[in-house]
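A.B. asks: Quick one: structure below, then a few questions.
Protein chains in written order, with the working numbering: chain U, 560 to 973; chain G, 560 to 973.
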C-alpha cells in the first residue's frame with residue numbers, strides 16, 4: 560500500500576471517529592482488549608520472529624528485553640486498553656461559552672485533533688497503547704514503529720483491526736507503515752495533506768530527526784536534563800532523600816535527576832551526607848572545585864557535564880552562591896522538563912517557581928513525579944518539552960483541539 | 560548583526576519579560592504609543608523612501624496603499640498599543656489546581672510562549688501590532704518583514720526600542736531582521752535554539768513557504784475557502800442577507816464566503832433572489848448544472864472552482880440533495896476556517912455543527928464574524944487554520960503556554 564493510500568484511508572476513518580459517542584468507543588476498546596488476549600499465541604509467534612532476528616543481529620540484552628512479548632505483557636497491553644476505556648472522554652466538552660456584543664452564542668467545544676502519526680522504536684507495547692489513546696479521543700492513528708519490531712507490530716495491528724471491524728468501526732482507525740525504510744519515514748513526515756500531527760516517542764536522536772525533517776506539526780517529547788537545587792535554607796535530610804530518589808529510583812527515565820545545584824553555604828554540611836547515601840547505589844559524582852572540596856572523592860566536572868542527560872548512575876554537582884545564580888545555571892542548561900528546589904524559605908521557593916523555565920517546577924519534591932499517571936491524568940502519550948499546544952505530561956486532553964460552534968439569528972457584519 | 564546574535568539577545572530579554580508585572584508592561588506599551596506619535600515625522604520620512612522605491616519598481620496601487628503610512632495611520636498604530644495595554648494580562652492566571660493521591664499541590668499556570676518569530680509582508684503597521692501583542696504576553700519578538708517595507712520597519716523598531724530603553728526594559732524585546740534576503744529568511748526558520756514559535760502573516764504562498772521550510776514550530780494562519788450551505792428549511796430572506804454580507808462586505812479577507820452550497824429543493828426559489836441581490840455588486844456566479852437551471856446567466860463551475868479562494872466578486876454554487884451531502888462537500892474542499900448553515904431545522908443545524916471540520920461553524924450568521932475583535936478577545940494575532948495549540952481567531956491567550964508549579968512536603972516516588 561502506498562503512503563498516499565494509507566493517508567486517504569486514515570482521512571476516511573476520521574469523520575466516523577470524530578462523531579462516535581463515548582459508549583461506542585469504550586465498547587471498541589474493551590473488545591480490542593479481548594482480541595489481544597484471544598490472539599496471544601498469534602502475536603507471540605510474530606514476536607518470536609523479531610526476537611530471533613534481533614539475536615542474529617546482535618541486539619543488546621536491554622533492547623531485546625524491551626522487544627520481548629510474553630502472555631503477561633500482552634495482558635498488560637489489554638489492561639491498558641481497559642483502563643483507557645474507563646477514563647472520561649474529553650471530546651464534546653464545552654470549554655467555554657459566551658455572547659459578545661454581536662449577540663452570537665459562541666461555544667468553544669473540544670474536538671479530536673485529526674489524524675495522528677506516531678513514530679517510535681522497538682517497543683511493541685506502544686502500538687496498542689498509542690491506538691488506545693488516539694482512538695479514545697476520536698483520532699485515527701498511523702504508526703511507524705522500528706524495523707526491529709515489525710512482525711510484532713504487524714500482528715498487533717492486524718488483531719486490533721479485526722476487533723475494530725467486528726464492532727462496525729473502520730479498520731483504518733489504526734494503520735501501520737509496514738515499510739520501515741528511512742525513505743518511507745522521510746516521506747511520511749511530509750504527508751501534511753493527511754496527517755495533522757506527528758508525535759515521536761523514543762530516543763533524543765529519533766526526536767531530533769523528526770523535528771528537523773517533518774513539515775507536519777510535531778509535538779516534541781523530549782529529553783530531561785533535570786536539576787535539583789538544594790538551597791541554603793533546605794531541610795538537609797529531606798534534600799538527601801529527594802536527590803537519592805530522583806537520581807536512583809529509575810535511572811533511564813527522562814524525569815530522573817541528572818544534576819545537583821548546591822548553595823555554597825551548606826555544601827560542606829550537605830554534600831558528604833548525600834555522597835554517603837548515593838554510595839549505596841555507587842553513584843559517580845562529578846563536581847566543580849567547591850563541591851570537590853566538600854567531597855574529595857568526587858571527580859572533576861567539565862563544561863560538557865552541565866548539559867548531559869546521563870541516564871546512568873552519575874550526577875553532576877554545581878556550586879552557587881544564590882538562588883538567582885542557581886536559576887541562571889538551570890535556565891541555561893535544562894531541557895525544559897522538570898526542575899526542583901529544596902528549601903524551607905518561602906521567598907526562594909516562589910522565586911524559583913516563577914523564574915525557572917520548565918514544564919514542571921517543584922518545591923520540596925522529587926522530579927520523578929512528572930508523569931501523566933502521577934498527575935492524575937489516568938494516561939500518558941508522552942511528556943512535552945515544547946511550549947506549543949501541550950507542555951509536560953500529556954494525557955487525553957493533549958490529543959484534542961477545539962472548534963467554535965456559533966449560533967446566530969441572522970446576524971450579518973456591519 | 561548575525562542571526563545568532565539576534566537570537567541570543569532575544570533569549571537574554573526573555574527572562575526579564577517573563578516575570579515583568581502587568582503594570583510595568585502596560586506602562587511600556589503606553590510609552591511606546593507616545594514615542595510613535597512623537598516620532599511621526601521620522602517614521603514618515605523612512606516610509607517615503609519605501610514608497611519611492613515601490614513606485615520605481617512598479618508596485619501595484621493596492622500594495623502601495625498597504626505600504627503607505629500617514630499621521631492618521633501612525634496614530635492608529637499608537638491607539639492599537641493603547642488598546643492592548645487596556646486588555647487584561649493572561650500571564651500568571653492559574654488555569655487549574657488540584658492535589659492527586661501523592662499529596663502534591665499542582666497548579667497549571669499561564670506563562671509566556673518564549674521568543675516569537677513573525678514573518679510578514681509589506682504592511683508596516685503589523686510591526687507595532689505584533690510587538691504590542693507579544694510584549695503584553697511577555698514574549699520577545701523577532702520580526703522579519705518584507706523588503707518593500709524595510710525602511711519603515713527599521714524606523715518603527717528603532718522608535719519602539721528607544722521607548723523600551725526609556726522605561727528600563729531590554730531594547731531587544733523587539734528586533735528586526737534588517738537583511739531581508741531569502742537566504743537569511745531560510746536560516747531564520749531553522750533557528751530552533753533561539754526561537755520558540757514562528758507565526759507567518761500574509762499570503763498563502765508566504766505561509767506555505769514557512770510551513771515547508773521551518774524546523775521551528777509554526778502556527779499556521781491560513782486561507783479561507785469558506786462555504787455557506789442554504790438548507791431546504793432555510794429562511795430565504797435571511798439566507799440572501801447573510802450570503803450577500805459574507806460575499807460582498809469585504810472581498811479580500813479570509814472569512815469572506817467563497818462558495819455557496821444550496822439544497823436542490825429550494826434552489827429554484829432561492830437562487831434567482833440571491834442572484835438579483837448579488838447583481839448590486841456585480842458578483843459573478845459559477846454554478847453546477849442544477850444551479851444554472853435556476854439562474855441561466857450563471858457561468859459553468861469547474862472542479863477547480865470548488866477549491867478556490869477567489870478573494871474577489873465571484874461565488875461558486877454547488878447543488879446538493881441533503882445536509883449530509885453538503886457536509887461531505889464542505890469537508891472535502893474547505894480550508895478549516897469558517898463554514899455556515901442557514902436553516903430553521905434544529906436537527907440539520909446540530910448535524911452541521913457537529914460534523915463540519917472547521918475552526919468556526921455557524922448557524923444562521925455570516926462567516927465574516929470569525930475575528931478576534933468580534934469574538935470579544937480585544938486583539939488578534941491571526942486566525943489559525945491548524946488544530947495544534949490554537950484554532951480560529953487568536954487573541955493574547957494564543958501567545959501563552961503554561962507550566963506546572965508543584966509544591967510538596969518532601970515527597971519521593973515509591
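We put the beta carbon where it would ideally sit given N, CA and C, even for glycine.
1. What's the gap between the Cα of residue 660(G) and the Cα of residue 829(U)?
2. Who pairs with residue 734(U) in a beta bridge, going by DSSP?
3. When burial is assigned at 16 or more other CB atoms within 10 Å of the CB, is residue 740(U) buried or exposed?
4. If you reduce the DSSP assignment to three classes, tell me which class residue 693(U) lands in.
5. Starting from residue 777(U), trace the alpha helix (DSSP H) in both directions and tell me its first and last residue.
6. Alpha carbon to alpha carbon, how far is residue 752(U) from residue 963(U)? Give it in angstroms, no decimals.
7. Just to confirm, are residue 756(U) and residue 702(U) a CB contact at a threshold of 8 Å?
8. Check whether the stretch 722-732 of chain U and the stretch 560-567 of chain G are in contact - that is, three or more C-beta pairs closer than 8 Å.
9. Between the alpha carbons of residue 952(U) and residue 929(U), how many angstroms are there, rounded?
10. Give a yes or no on whether 8 Å exceeds the smallest Cβ distance from residue 771(G) to chain U.
11. Does any C-beta atom of chain G lie closer than 8 Å to the C-beta of residue 657(U)?
12. With 8 Å set as the bound, which would you pick, yes or no: does the beta-carbon of residue 583(G) sit closer than that to a beta-carbon of chain U?
13. Assign residue 764(U) to buried or exposed, taking buried as 16 or more other Cβ atoms, counted over all protein chains shown, within 10 Å of its Cβ.
14. Once you ignore the five residues that flank residue 766(G) on each side, which residues in its own chain have a CB closer than 8 Å to its CB?
15. Using the C-alpha atoms, what's the distance from residue 959(U) back to residue 576(U)?
16. For residue 945(G) and chain U, any beta-carbon pair shorter than 8 Å?
17. Mind listing the chain G neighbours of residue 808(U)? Cutoff is C-beta to C-beta under 9 Å, in chain order.
18. Give the residues of chain G in contact with residue 914(U), contact being defined as C-beta atoms less than 8 Å apart.
19. Rounded to whole angstroms, what's the CA-CA distance from residue 610(U) to residue 869(U)? Just pull it up for me.
20. At which residues does the alpha helix (DSSP H) containing residue 830(G) begin and terminate?
21. Measuring CB to CB, does residue 710(U) end up less than 8 Å from residue 820(U)?
22. For the structure I just gave you, are there three or more beta carbon pairs, one from the stretch 899-912 of chain G and one from the stretch 790-801 of chain G, closer than 8 Å?
23. Which runs of the alpha helix (DSSP H) spanning at least 4 residues fall entirely within the stretch 582-663 of chain G, listed in chain order?
24. Below 8 Å on the Cβ atoms is my contact criterion, and I expect residue 785(U) with residue 898(U) to pass it. Report the Cβ-Cβ distance as a whole number of Å.
25. Are any of the Cβ atoms in chain U nearer than 8 Å to that of residue 694(G)?
26. When the Cα of residue 745(U) is compared with those of 721(U), 774(U), 718(U) and 717(U), which residue comes out closest?
27. Taking residue 941(G) as the reference, which of 795(G), 689(G) and 772(G) has the closest Cα?
28. List, in order along the chain, the chain U residues whose C-beta lies closer than 9 Å to that of residue 801(G)?
29. Between residue 615(U) and residue 707(U), what straight-line distance do the alpha-carbon atoms span, to the nearest angstrom?
30. State the DSSP-derived secondary structure class of residue 970(U), mapped to helix, strand or coil.
31. Mapping DSSP to helix, strand and coil, what is residue 815(G)?
32. Which chain G residues are close to residue 697(U), counting only those with a beta carbon under 8 Å from its beta carbon?
33. Give me, in chain order, the residues of the same chain whose beta-carbon lies closer than 6 Å to that of residue 920(G); leave out the 5 immediate sequence neighbours on both sides.
34. Enumerate in chain order the residues of its own chain whose CB-to-CB distance from residue 587(G) is below 6 Å, with the five nearest sequence positions on each side excluded.
35. I'd like to confirm the pairing. Which residues does DSSP put opposite residue 786(G) in its beta bridges?
36. Drop a sphere of 10 angstroms on the beta-carbon of residue 597(U), count the other beta-carbons inside from all chains shown, and report buried for 16 or more, exposed for fewer.
C.D. replies: For this structure:
1. What you label residue 660(G) is simply residue 101 of the second chain in a count that begins at 1. What you label residue 829(U) is simply residue 270 of the first chain in a count that begins at 1. Taking the straight line from one Cα to the other gives about 30 Å.
2. Reading the first chain from its first residue, position 175 is the one you call residue 734(U). Residue 734(U) pairs with 701(U).
3. If you number the first chain from 1, residue 740(U) lands on position 181. Looking at its Cβ environment, which holds fewer than 16 other Cβ atoms inside 10 Å, residue 740(U) is exposed.
4. Here residue 693(U) refers to the residue found at position 134 when the first chain is read from its first residue. It is helical.
5. As a working note, residue 777(U) is residue 218 in the first chain. Segment: none, residue 777(U) is in no alpha helix (DSSP H) and carries neither H nor E.
6. Taking the first chain and counting its residues from 1, one reaches residue 963(U) at position 404. Taking the first chain and counting its residues from 1, one reaches residue 752(U) at position 193. If I take the Cα positions, the gap works out to 23 Å.
7. Along the first chain, one-based indexing puts residue 756(U) at 197. Along the first chain, one-based indexing puts residue 702(U) at 143. It is not a contact, given that the beta carbons lie outside the stated cut-off.
8. no
9. In the first chain, the residue the question calls residue 952(U) occupies position 393. In the first chain, the residue the question calls residue 929(U) occupies position 370. Distance between the alpha carbons of residue 952(U) and residue 929(U): 7 Å.
10. Against the second chain, residue 771(G) aligns to sequence position 212. It does: the Cβ of residue 771(G) has a partner Cβ on chain U nearer than 8 Å.
11. Indexing the first chain from 1 puts residue 657(U) at position 98. Answer yes: the Cβ-Cβ gap between residue 657(U) and chain G drops below 8 Å somewhere.
12. Reading the second chain from its first residue, position 24 is the one you call residue 583(G). No, its Cβ sits nowhere closer than 8 Å to a Cβ of chain U.
13. If you number the first chain from 1, residue 764(U) lands on position 205. Exposed.
14. Walking along the second chain from the start, residue 766(G) turns up at place 207. Excluding positions up to five away in sequence, the list reads 759, 779, 780, 781 and 782.
15. Taking the first chain and counting its residues from 1, the one referred to as residue 576(U) is at position 17. Taking the first chain and counting its residues from 1, the one referred to as residue 959(U) is at position 400. For residue 576(U) and residue 959(U), the distance between alpha carbons rounds to 13 Å.
16. Within the second chain, residue 945(G) is the residue found at index 386, counting from 1. So, interface residue.
17. For this step, residue 808(U) is matched to residue 249 along the first chain. Simply 971, 972 and 973.
18. Residue 914(U) sits at position 355 when you count from the first residue of the first chain. By Cβ distance, chain G contributes 574, 577 and 578.
19. Taking the first residue of the first chain as 1, we reach residue 610(U) at position 51. Taking the first residue of the first chain as 1, we reach residue 869(U) at position 310. One C-alpha to the other measures close to 28 Å.
20. Within the second chain, the letter at position 271 stands for residue 830(G). 823-838 is the extent of the alpha helix (DSSP H) around residue 830(G).
21. Here residue 710(U) refers to the residue found at position 151 when the first chain is read from its first residue. Here residue 820(U) refers to the residue found at position 261 when the first chain is read from its first residue. Taking 8 Å as the Cβ cut-off, residue 710(U) and residue 820(U) do not qualify as a contacting pair.
22. yes
23. 599-615, 620-626 and 630-645
24. Taking the first chain and counting its residues from 1, one reaches residue 785(U) at position 226. Taking the first chain and counting its residues from 1, one reaches residue 898(U) at position 339. Confirmed, about 6 Å.
25. One-based indexing of the second chain puts residue 694(G) at position 135. With 8 Å as the cut-off, residue 694(G) does not count as an interface residue toward chain U.
26. Walking along the first chain from the start, residue 745(U) turns up at place 186. Nearest of 721(U), 774(U), 718(U) and 717(U) to residue 745(U), Cα basis: 774(U).
27. Working through the second chain from its first residue, we reach residue 941(G) at position 382. Residue 689(G) is the option with its Cα nearest to residue 941(G).
28. On the second chain, residue 801(G) is found 242 positions in, with the first residue counted as 1. Residues of chain U passing the Cβ test: 967, 969, 970 and 971.
29. Walking along the first chain from the start, residue 615(U) turns up at place 56. Walking along the first chain from the start, residue 707(U) turns up at place 148. Near 11 Å, if we compare the C-alpha coordinates of residue 707(U) and residue 615(U).
30. Here residue 970(U) corresponds to residue number 411 of the first chain, with the count starting at 1. In the structure shown, residue 970(U) sits in a strand (DSSP, three-state: E or B).
31. As a working mapping, residue 815(G) is identified with position 256 in the second chain. Coil at residue 815(G), not helix or strand.
32. Within the first chain, the letter at position 138 stands for residue 697(U). Simply none; closest approach about 11 Å.
33. Stepping through the second chain from its first residue, residue 920(G) is reached at position 361. Once the five neighbours on either side are set aside, the close Cβ partners of residue 920(G) are 898 and 912.
34. On the second chain, residue 587(G) is found 28 positions in, with the first residue counted as 1. Excluding residues within five positions, the ones whose Cβ falls inside 6 Å are 726 and 728.
35. As a working note, residue 786(G) is residue 227 in the second chain. Residue 786(G) pairs with 818(G) and 898(G).
36. In the first chain, counting from the first residue as 1, residue 597(U) sits at position 38. Per the 10 Å Cβ criterion, exposed.
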